[in-house]
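Asks: Quick one: the structure is below, questions incoming.
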Amino acid sequence: MWIHCILTKAEKFGKERILPACFVCGILADKTFLNNKTDMAYTPFTPLQQLIIERIQREGPLTFAEYMRMALYEPNYGYYMTGSTRIGFEGADFFTSTDVSATLFANCLGRQLHQWWEKLGYRTPFVILEQGAGRGNLARGIQEWAA
114 MWIHCILTKA
124 EKFGKERILP
134 ACFVCGILAD
144 KTFLNNKTDM
154 AYTPFTPLQQ
164 LIIERIQREG
174 PLTFAEYMRM
184 ALYEPNYGYY
194 MTGSTRIGFE
204 GADFFTSTDV
214 SATLFANCLG
224 RQLHQWWEKL
234 GYRTPFVILE
244 QGAGRGNLAR
254 GIQEWAA
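Be aware that the sequence shown starts at 114, since it is given in the working numbering, and climbs by one per residue.
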């Protein structure tokens, strides 16, 4: 899978053909670098974009999973690695359902979890692991509901 995939006509190869190209770095499927404006050459805006471009030039296409790993977790540059992640409302990049109504959602989920635990015969330990993005509002809300 190509990141930011588009189709482009590759007339510079002597005959017209359609090739997938990465809009982020301008590399065609055969790793030819597009180097003029009509070929959609791309100048990176951030160090992370430069890393992605260099990686594609060195190793070829990235999978979507690897692209997302770099975008989110690349040391010093990934979204969650910069220390400036803003989750919530004012000035935030995004918000989650628990930011909107953590108490209501936690109460509903707490009740459902209790029903499942009851159906299991109150076996212990009954472990609940919350792995969502955010600040832990949902886990705290369920703990408060259960108290």
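Virtual Cβ for every residue (Gly too), placed ideally from N, Cα, C.
1. Let's test the definition: count the other Cβ atoms within 10 Å of the Cβ of Thr237 and tell me whether it reaches 16, buried, or not, exposed.
2. Locate the alpha helix (DSSP H) running through Asn189, then write down its first and last residues.
3. When you compare the stretch 215 to 224 with the stretch 250 to 257, are there three or more beta-carbon pairs, one atom per stretch, that lie closer than 8 Å?
4. In the structure shown, what three-state DSSP assignment does Ser214 receive?
5. Just mark Thr195 as buried or exposed, buried being the case when its beta carbon has 16 or more other beta carbons within 10 Å.
6. Between Leu217 and Tyr190, what straight-line distance do the alpha-carbon atoms span, to the nearest angstrom?
7. Tell me the DSSP secondary structure of Leu242 in three-state form.
Replies: The answer reads as follows:
1. For this step, residue 237 is matched to residue 124 along the sequence shown. Its Cβ having fewer than 16 others within 10 Å, Thr237 is exposed.
2. Within the sequence shown, numbered from 1, the residue matching residue 189 stands at position 76. Taken as a continuous stretch (DSSP letters only), Asn189 belongs to no alpha helix (DSSP H), as it is neither H nor E.
3. Yes, the stretch 215 to 224 is in contact with the stretch 250 to 257.
4. Within the sequence shown, residue 214 is the residue found at index 101, counting from 1. If DSSP states are grouped into helix, strand and coil, Ser214 belongs with the helices.
5. Mapped onto the sequence shown, residue 195 falls at position 82. With fewer than 16 other beta carbons inside 10 angstroms of its own, Thr195 counts as exposed.
6. Residue 217 sits at position 104 when you count from the first residue of the sequence shown. Residue 190 sits at position 77 when you count from the first residue of the sequence shown. The straight-line gap from Cα to Cα measures roughly 35 Å.
7. Sequence index remark: in the sequence shown, residue 242 carries index 129 (1-based). Leu242: coil per DSSP, three-state reduction.
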